[in-house]
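> Sharing a structure below in structure tokens format, with a few things to ask.
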Amino acid sequence: MEQRRRSWAEPYKIKMVEPIKMTTREHREKAIADAGFNSFLLRSDDVYIDLLTDSGTSAMSDNQWAGMMLGDEAYAGSKSYYHLEEAVQEVYGYPELIPTHQGRGAEHILSQLLIKPGDYVPGNMYFTTTRFHQEHAGGIFVDVIIDEAHMPSVEHPFKGNVDLAKLQRLIDDVGADQIPYISVETNVNMAGGQPLSMANLRATYGLCKKYDIPVMLDATRAVENAYFIQQREGGYEDRSIKEIVAEICSYSDGATVSSKKDNLVNIGGFLAVRDLELATRARAMLVQFEGLHTYGGMSGRDMEALARGIHEMVDTDDHARARVGQVEYLGNALLKAGVPLVQPIGGHGIFLDAAAILPHIPQDQFPAQALTAALYVDSGVRGMERGNVSAGRNPETGDHRYPKLELVRMAIPRRVYTQAHMDVTAESVVEVYENRARVGGLKFTYEPQELRFFQARFEKI
Ligand code: P61
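For reference, each letter of the sequence shown is one residue, going 1 to 461 in this note's numbering.
Encoded structure:
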């Protein structure tokens, strides 16, 4: 066993800083109105503490920055590509690597290769870009996550689990040959950063093997999932994060990864698979849509920093412990003040239960969107809507999807903010919570057809 620190304190010190500035309330009121009450449309210059996302917002280490200088920019056969391939093989265990510009590039290729129009694609809750690419390829997404995942205040150690009865029912109803693969997300983002257990993943893999259905992981946050398995699942307390990540991947046929999260880089991603024939077809698509197969969507320096990030995320367990520890610190401060949020506290952020906080705003007036805007106005802290706006419209009925979860996500970038920043954030959330009766609903002034949450605009009702 490695020597453990006494608390979740960061296993690093700071050598470079980036100033951030506080603005006035008046300034923020104008900024959010100019942004159509959509936090995606704010300028980062107008943001104090940016919890929009943990995607691509990590601080790289000195070792990663050194790697940037050593990146091999050869068009073909870059050394950095081979470093990345070795890292993926060592840590995730997949032999075949298809490097993409980010996660959705990998999702695009996988969906186009495996899904035929009319196919059903089960998943443990949707993710916006993942479902978009499945539907874009003609597939029909089917949610097979356990019911508890849709209930914010219900405590369950593994809310990301696949409901095997739901999966079996789908197989019985449509037949295994209409299911090109199951997409299993580690530490389910839209459920609030909730893990699945190793036992559940093993059982899911077993069931799928029986029917010859490939298991494709979304391993974007596999490290955070591994941490929760180590903390919560019997038999894993003495296993390292690295060993647990490898075991997770062993129950799958491949994975898509957005490297902008666990992997500690600002851009990048990959598809990795076991099957050479599938990899060959993926590489044929890669050269059409991303770039040559030894860089795909990344520069040599990006691949070098990514290879190093993959090692760093599992080299010591202290990294995952500090990462999730900081998220839990913020979550516990909010729970202490009685603010409703998704429980247990997730791996990459806090998910405020906007439906419970703003019961006076009907779901078609977008309570989570309104709460996100109110928080920004209060303190310059930027979160993200994860509710009705994000869920979009049902392609068949054209109506809003009205998801059960109406949440505001405050995602914590890795290795970026301090404990005092978490205190300021908690103070602001509590302030807005105490004045929640003053928050009113919103209506669209512009609604994009696809992935509408990114660029939609609203006004106050
Ligand atoms: C995020 F508002 N996540 O959490 P790409 N799978 C998973 C992700 O979390 C993910 C992708 C695939 C983002 C960025 C983002 O609706 C949104 O590298 C589990 O972003 O292409 C990305 O990876 C896609 C924010 C994406 C969104 C879509 O903040």
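Every residue, glycine too, gets a C-beta built ideally from N, C-alpha and C.
Since V439 and A374 should fall inside the 8 Å C-beta cutoff, what is the C-beta to C-beta distance between them, to a whole number of angstroms?
Position 439 of the sequence shown, counted from the first residue, corresponds to residue 439. Position 374 of the sequence shown, counted from the first residue, corresponds to residue 374. That pair is a contact at about 5 Å.
> Put M1 into one of helix, strand or coil per three-state DSSP.
Mapped onto the sequence shown, residue 1 falls at position 1. Unreliable positioning characterises M1 in this predicted model, as indicated by a pLDDT of 49, which lies under 50. The coordinate reading is nonetheless provided below. Of the three classes helix, strand and coil, the one that applies to M1 here is coil, per DSSP.
> What are the partner residues of T100, as DSSP defines its beta bridges?
Translated into positions along the sequence shown, residue 100 becomes position 100. Beta-bridge pairing links T100 to G269.
> Can you give the Cα-Cα distance for A391 and Y48, rounded to whole angstroms?
Taking the sequence shown and counting its residues from 1, the one referred to as residue 391 is at position 391. Taking the sequence shown and counting its residues from 1, the one referred to as residue 48 is at position 48. Going by the C-alpha atoms only, they are around 27 Å apart.
> Helix or strand or just coil, what does DSSP make of G487?
Since the first residue shown for the chain is 1 and the last is 461, residue 487 is missing from the structure and cannot be characterised.
> Which residues in the same chain have their Cβ closer than 8 Å to the Cβ of V377, if we skip the five residues on either side of it in sequence?
As a working mapping, residue 377 is identified with position 377 in the sequence shown. Excluding sequence neighbours, V377 sits near R25, R28, E29 and I32.
> To the nearest angstrom, how far is the alpha carbon of V416 from that of V17?
For the purposes of this step, residue 416 is taken as the residue at position 416 of the sequence shown. For the purposes of this step, residue 17 is taken as the residue at position 17 of the sequence shown. Whole-angstrom Cα-Cα distance: 9 Å.
> Is any non-hydrogen atom of the ligand P61 found closer than 7 Å to the C-beta of F37, if you look at the structure I gave you?
Within the sequence shown, numbered from 1, the residue matching residue 37 stands at position 37. No, since every heavy atom of the ligand P61 falls outside the 7 Å radius drawn around the Cβ of F37.
> Since I believe G67 is in contact with E224 (beta carbons under 8 Å), could you give me their beta-carbon distance rounded to a whole number of angstroms?
Indexing the sequence shown from 1 puts residue 224 at position 224. Indexing the sequence shown from 1 puts residue 67 at position 67. Wrong, their Cβ atoms sit about 23 Å apart, outside the cutoff.
> Any heavy atom of the ligand P61 inside 7 Å of the beta-carbon of G103?
The sequence position of residue 103 within the sequence shown is 103, counting from 1. Correct: G103 has its Cβ closer than 7 Å to the ligand P61.
> So, for Q455: in the same chain, excluding its five sequence neighbours on each side, which residues have a beta-carbon less than 8 Å away from its beta-carbon?
For this step, residue 455 is matched to residue 455 along the sequence shown. Closer than 8 Å at the Cβ level, and outside the excluded window around Q455, lie N38, F40, L41, Y446 and P448.
> In three-state DSSP terms, what is L292?
The count along the sequence shown starts at 1 and reaches residue 292 at position 292. Of the three classes helix, strand and coil, the one that applies to L292 here is coil, per DSSP.
> Return the first residue and the last residue of the alpha helix (DSSP H) that T397 is part of.
Counted from its first residue, the sequence shown places residue 397 at position 397. Here T397 belongs to no alpha helix (DSSP H), and DSSP marks it neither H nor E.
> Tell me which residues share the same chain as G139 and place their Cβ nearer than 6 Å to its Cβ, disregarding the 5 neighbours each side in the sequence.
By 1-based counting over the sequence shown, the position of residue 139 is 139. Only I115, D119 and V121 meet the Cβ criterion.
> Along the chain, where does the alpha helix (DSSP H) containing K468 start, and where does it finish?
For residue 468 there is no data in the structure shown, the boundaries of the chain being 1 and 461.
> Under 8 Å, do V273 and G254 count as touching if we go by C-beta distance?
To locate residue 273, count along the sequence shown from 1; it is residue 273. To locate residue 254, count along the sequence shown from 1; it is residue 254. Yes, these two residues count as a Cβ contact at 8 Å.
> Can you give me the Cβ contacts of V265 inside the same chain, cut-off strictly under 6 Å, excluding the 5 residues immediately before and after it?
Taking the first residue of the sequence shown as 1, we reach residue 265 at position 265. Same-chain partners within the cutoff: S259, A305, L306 and G309.
> In three-state DSSP terms, what is R308?
Taking the sequence shown and counting its residues from 1, one reaches residue 308 at position 308. In the structure shown, R308 sits in a helix (DSSP, three-state: H, G or I).
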